[in-house]
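Quick note, the sequence shown lines up with residues 1125 to 1504 if you use this note's numbering.
Note that beta-carbon positions come from the ideal geometry of N, C-alpha and C, so glycine has one too.
To start, the structure under review is shown below, and the notes come after it.
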Amino acid sequence: MKISIAKEIEVCERRVALVPDTVSRLVKQGFEVFLESGAGERSFFSDADYEAAGAKIVNDSAKLWGEADILLKVSPPQIREDGISEIDSLKENAVLISFLNPLGNPEIAQKLAERKITAFAMEMIPRTTRAQSMDALSSQASIAGYKAVLIAGAALPKYFPMLTTAAGTIAPAKVFVMGAGVAGLQAIATARRLGSVVEAFDIRPAVKEEVQSLGAKFVEVKLKEETTAAGGYAKEISEASKQRTQELVTEHVKNADVVITTAQVPGRKAPLLVTKEMVSQMKPGAVIVDLAAEQGGNCECTEPGKDIIKDGVTIIGPINLPSSMPVHASQLYAKNLTSLMKLFTKENTLQLNFEDDIINAACITHGGEILSSRIKDALA
Ligand code: NAD
């Protein structure tokens, strides 16, 4: 079977789907691996590294896409500079594995079904123990959480740790993390490692123990409604609960030197947690890093992809943070992909078992059909 690694054409995408180490393992298992020339360059892996791992280098992207049995990518397929659609370049019945954003952009599923592509969306891997090694949302969110703290640290006009020096004592920075999912928990751990005092908040009470085990204080907001949906994700809460939450967290935002927001509700605009009014009450020099910038932002002042200053507060809305650490982001993503492929490639052939809960959830199109009811609903 031919596995092909595409070169990412999205401008801000520096990751690559497989790293040389994973290529050599696949080659040993009997797969033929093809790399679009230069695909690993922005992750600091050269064509020569892939060649040494057993990959064949292809210069012609149309050929690479057209001959692939399994095409691996990071960002959703696009229209190339020559006007040709990447999806149209795939042969019928080819397998595509990538982030596809099928709930945000369900039309992509329609297109993939029309072209009879078997497509796996990495966003749809279930968040279960068995699927952990394939969970690219988690591997990449953890990088975003880590990097958010480093960005905040660089922008903060203060130290993070407490320091006792001959010139006096420095108080530690106060960090407030809003949303304690995978990114939030990694942000807490990183901020703690840098010596700051950390508080965190989430509408799901189940995360309290995890937050505390990382050495942070959990800010509890007791709501009179269920806040956890299927799969452990957060539910969108009522207007009354949103207001109560904002009232309760205002004081913590006001006292923080750094606020890192990571709150998301799948398939919805990110919840608004920090209003303009709250920003105006923050300390001058404080920093907000809004990891939900691409989903509409948790802060009312956020502008995606920009750093802005409002009332003396720096508000940073980074885009695609995992791509800013492409070496490890690609290494972890490659492991996620190979673990998934192991599920449905036996003895070098495709063996799709739709009774398997992971395949059933992640495979969004097959045999000309859209398989996911959530995507069908989004299209209706
Ligand atoms: P996410 O990116 O969807 O959201 C980030 C966090 O924002 C979540 O913790 C959510 O509760 C919180 N949030 C949403 N609305 C909020 C609001 N109004 N105010 C404050 N916080 C709000 O979350 P994620 O990191 O992708 O994790 C989603 C779920 O999947 C979690 O339950 C997590 O524990 C679970 N998970 C399980 C596994 C596993 O079992 N293998 C792996 C990863 C994640």
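Review point. Does DSSP put T1351 in a helix, in a strand, or in coil?
Key: Counting from 1 along the sequence shown, the entry for residue 1351 is found at position 227. Note: T1351 maps to coil in three-state DSSP.
What ranges does the alpha helix (DSSP H) occupy inside the stretch 1433-1482, keeping only unbroken runs of at least 4 residues that lie completely in it? 1450-1468
Quiz prompt | C-alpha distance - S1448 paired with F1468, whole-angstrom precision | solution = Here the question's residue 1448 lines up with position 324 in the sequence shown. Here the question's residue 1468 lines up with position 344 in the sequence shown. Distance between the alpha carbons of S1448 and F1468 is about 31 Å.
| field | Identity of the residues DSSP links to M1302 by a beta bridge | value | Here residue 1302 refers to the residue found at position 178 when the sequence shown is read from its first residue. F1325 and T1385.
Item to check | Outcome for I1249 when other beta-carbon atoms lying within 10 angstroms are tallied against a minimum of 16 | outcome: The residue labelled residue 1249 in the question sits at position 125 within the sequence shown. Burial call: buried.
ask   = Tell me, which residues are paired with G1292 by DSSP?
value = Locating residue 1292 in the sequence shown gives position 168, counting from the first residue. G1292 pairs with T1289.
Item to complete: Have a look at the DSSP bridge pairing and note the partners of D1414.
Response: By 1-based counting over the sequence shown, the position of residue 1414 is 290. D1414 is bridged to T1385.
inquiry  = Pull the bridge partners of E1493 from the DSSP assignment, please.
reply    = On the sequence shown, position 369 is the one that residue 1493 refers to. In DSSP, E1493 forms a bridge with H1490.
- Going by Cα to Cα distance, which pick from A1268, A1502 and E1350 is closest to A1313? Counting from one through the sequence shown, the residue named residue 1313 turns up at place 189. Taking only the C-alpha atoms, the option nearest A1313 is A1268.
Those residues which DSSP pairs with A1245 across a bridge:
As a working mapping, residue 1245 is identified with position 121 in the sequence shown. Partner(s): S1222.
Residue closest to F1195, alpha-carbon to alpha-carbon, out of L1159, V1135 and G1441: What you label residue 1195 is simply residue 71 of the sequence shown in a count that begins at 1. The sequence as given places Leu at residue 1195; Phe does not occur at that position. Residue L1159 is the option with its Cα nearest to L1195.
- [ ] Starting from the Cα of L1415, find the closest Cα among L1142, A1485 and L1274 and give me that residue.
- [x] What you label residue 1415 is simply residue 291 of the sequence shown in a count that begins at 1. Cα-wise, what sits closest to L1415 is L1274.
Are there 16 or more other CB atoms within 10 angstroms of the CB of A1176, so buried, or fewer, so exposed? To locate residue 1176, count along the sequence shown from 1; it is residue 52. By the 10 Å Cβ count, A1176 comes out exposed.
**Request:** Please work out which residues of its chain come closer than 7 Å, Cβ to Cβ, to S1365, disregarding the five sequence neighbours upstream and downstream, and give them in chain order.
**Result:** Walking along the sequence shown from the start, residue 1365 turns up at place 241. Same-chain partners within the cutoff: L1347 and E1349.
key: Spatial distance of V1382 from A1297 (CA atoms)   = Here residue 1382 refers to the residue found at position 258 of the sequence shown. Here residue 1297 refers to the residue found at position 173 of the sequence shown. Straight-line Cα distance between these residues: approximately 8 Å.
query: Are there 16 or more other CB atoms within 10 angstroms of the CB of A1278, so buried, or fewer, so exposed?
result: In the sequence shown, the residue the question calls residue 1278 occupies position 154. It is exposed - the Cβ of A1278 has fewer than 16 other Cβ atoms within 10 Å.
Next item on the list: May I ask you to list the residues that DSSP assigns as paired with A1358?
Entry: Reading the sequence shown from its first residue, position 234 is the one you call residue 1358. T1352.
So, do the stretch 1350-1359 and the stretch 1324-1335 have three or more beta carbon pairs nearer to each other than 8 Å? yes
Report task. With distances taken Cα to Cα, identify the nearest neighbour of R1368 among E1344, P1390 and Q1388. Result -> On the sequence shown, residue 1368 is found 244 positions in, with the first residue counted as 1. Ranking E1344, P1390 and Q1388 by Cα distance to R1368 puts E1344 first.
For this session: Measure the beta-carbon distance from D1173 to P1144 and round it to whole angstroms, keeping in mind my assumption that it falls under 8 Å.
Result: Stepping through the sequence shown from its first residue, residue 1173 is reached at position 49. Stepping through the sequence shown from its first residue, residue 1144 is reached at position 20. That pair is a contact at about 4 Å.
Would the beta-carbon of L1261 fall within 9 Å of that of G1391? Translated into the one-based positions of the sequence shown, residue 1261 becomes position 137. Translated into the one-based positions of the sequence shown, residue 1391 becomes position 267. Cβ atoms of L1261 and G1391: not closer than 9 Å.
| Could you check where the beta strand (DSSP E) with S1128 kicks off and where it finishes? | Residue mapping note: residue 1128 aligns to position 4 of the sequence shown, counting from 1. Here the beta strand (DSSP E) through S1128 covers K1126 to I1129.
| Own chain, CB closer than 6 Å to V1411, minus 5 neighbours either side, in chain order | Position 287 of the sequence shown, counted from the first residue, corresponds to residue 1411. Cβ neighbours of V1411 beyond the five flanking positions: A1276, A1279, L1280, V1382 and T1438.
Is any non-hydrogen atom of the ligand NAD found closer than 8 Å to the C-beta of R1166, if you look at the structure I gave you? Here residue 1166 refers to the residue found at position 42 of the sequence shown. No - the ligand NAD has no heavy atom lying nearer than 8 Å to the Cβ of R1166.
**Prompt:** Regarding M1402 and the ligand NAD, is the C-beta to nearest heavy atom distance less than 8 Å?
**Reply:** For this step, residue 1402 is matched to residue 278 along the sequence shown. M1402: no, Cβ never under 8 Å from the ligand NAD.
* For K1082, does the count of other Cβ atoms within 10 angstroms reach 16, so buried, or fall short, so exposed? -> Past the edges of the chain, shown from 1125 to 1504, lies residue 1082, and the structure says nothing about it.
- [ ] On a CA-only basis, which of E1471, E1247, L1495 and T1473 is nearest E1479? Give me that one, please.
- [x] Within the sequence shown, numbered from 1, the residue matching residue 1479 stands at position 355. Minimum Cα distance to E1479 is reached at L1495.
#### Entry: Range of the contiguous alpha helix (DSSP H) that encloses V1398
For this step, residue 1398 is matched to residue 274 along the sequence shown. Careful: V1398 lies outside any alpha helix (DSSP H) and carries neither H nor E.
Alpha carbon to alpha carbon, how far is I1294 from K1430?
Residue mapping note: residue 1294 aligns to position 170 of the sequence shown, counting from 1. Residue mapping note: residue 1430 aligns to position 306 of the sequence shown, counting from 1. Looking at the two C-alpha atoms, the distance is approximately 30 Å.
**Message:** So the candidates are S1148, V1151, E1132 and N1225; which of them puts its Cα closest to the Cα of E1210?
**Reply:** By one-based count along the sequence shown, residue 1210 stands at place 86. The shortest C-alpha separation from E1210 is found at E1132.
Cβ neighbours of I1483 in the same chain (closer than 7 Å, five flanking residues each side left out): Position 359 of the sequence shown, counted from the start, is the residue given in the question as residue 1483. Excluding residues within five positions, the ones whose Cβ falls inside 7 Å are L1467, F1468, L1476 and N1477.
Per DSSP, cross-strand counterpart(s) of L1195
On the sequence shown, position 71 is the one that residue 1195 refers to. Partner(s): S1128 and L1220.
* Closest by C-alpha distance to V1301, when choosing among D1259, N1422 and K1197 -> Stepping through the sequence shown from its first residue, residue 1301 is reached at position 177. For the residues D1259, N1422 and K1197, the minimum Cα distance to V1301 belongs to N1422.
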